[in-house]
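Counting from 1 along the sequence shown, just add 138 to a position and that's the residue number in our numbering.
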Amino acid sequence: MKAVHSHGRADYIGILGSVLCIIHCILVPALAFGSSVATHNHSHIGFISLDYFFILINGIAVYYATRDHRSLGIRILLWSALAIFSVSLIFEGRHQAFSWLGYAGSGLLIAGHLINLYICQIAPRLKFKTR
């Protein structure tokens with residue numbers, strides 16, 4: 139019988155969302171610094187900031203990755219990382235520390251999803267079958 143990881147797509151979407159957020163957070167200030175515009179404004183999709191889009195994507199990914207998960211540690215890691223990530227993006231304009239906290243939250247989300255993929259997909263394949 140093959141082990142099925144029903145929330146594998148959620149892990150991949152969570153990793154992708156976090157990586158894209160890191161790229162966005164690095165490139166936008168670099169482009170603003172290199173241009174004639176001295177101020178840093180976040181990109182928007184319509185009336186919604188990309189920050190809220192990243193929070194939404196990662197929130198959905200964490201929900202689906204943890205909703206049927208047996209490991210309390212993975213659930214705590216992913217939900218805590220999402221909380222750190224969300225709070226830091228919402229308050230990043232208030233203090234520079236929130237920007238760095240955002241990178242940490244994004245890194246924790248990536249690590250949590252990678253650990254979840256390992257536990258649910260790779261580790262079961264490594265066990266030797268005795269029958």
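Beta carbons: idealized from backbone N, C-alpha and C, even for Gly.
For residue i, count neighbouring Cβ atoms within 10 angstroms of its own Cβ and tell me buried if that reaches 16, exposed if not.
{"i": "residue 156", "result": "buried"}
{"i": "residue 250", "result": "buried"}
{"i": "residue 209", "result": "exposed"}
{"i": "residue 242", "result": "exposed"}
{"i": "residue 211", "result": "exposed"}
{"i": "residue 206", "result": "exposed"}
{"i": "residue 248", "result": "buried"}
{"i": "residue 165", "result": "exposed"}
Would residue i and residue j qualify as a contact pair, given that the criterion is a beta-carbon distance under 7 Å?
{"i": "residue 199", "j": "residue 245", "result": "no"}
{"i": "residue 159", "j": "residue 192", "result": "yes"}
{"i": "residue 196", "j": "residue 220", "result": "yes"}
{"i": "residue 203", "j": "residue 148", "result": "yes"}
Under the assumption that residue i contacts residue j (Cβ atoms under 8 Å), give the Cβ distance between them as a whole number of angstroms.
{"i": "residue 194", "j": "residue 222", "result": "So it is not a contact: roughly 16 Å between Cβ atoms."}
{"i": "residue 252", "j": "residue 146", "result": "In fact, because the Cβ distance is near 12 Å, the residues do not count as touching under 8 Å."}
Against chain B, does residue i count as a neighbour if the rule is that its beta carbon must be under 7 Å from one of theirs?
{"i": "residue 238", "result": "No chain B is part of this structure, which consists of one protein chain only."}
Legend entry - Length at least 3, wholly inside the region 200 to 256: the beta strand (DSSP E) runs in chain order: none
Inset, instruction - Tell me, please, whether the region 225 to 237 touches the region 252 to 265 by the rule of three or more beta-carbon pairs shorter than 8 Å. - result: no
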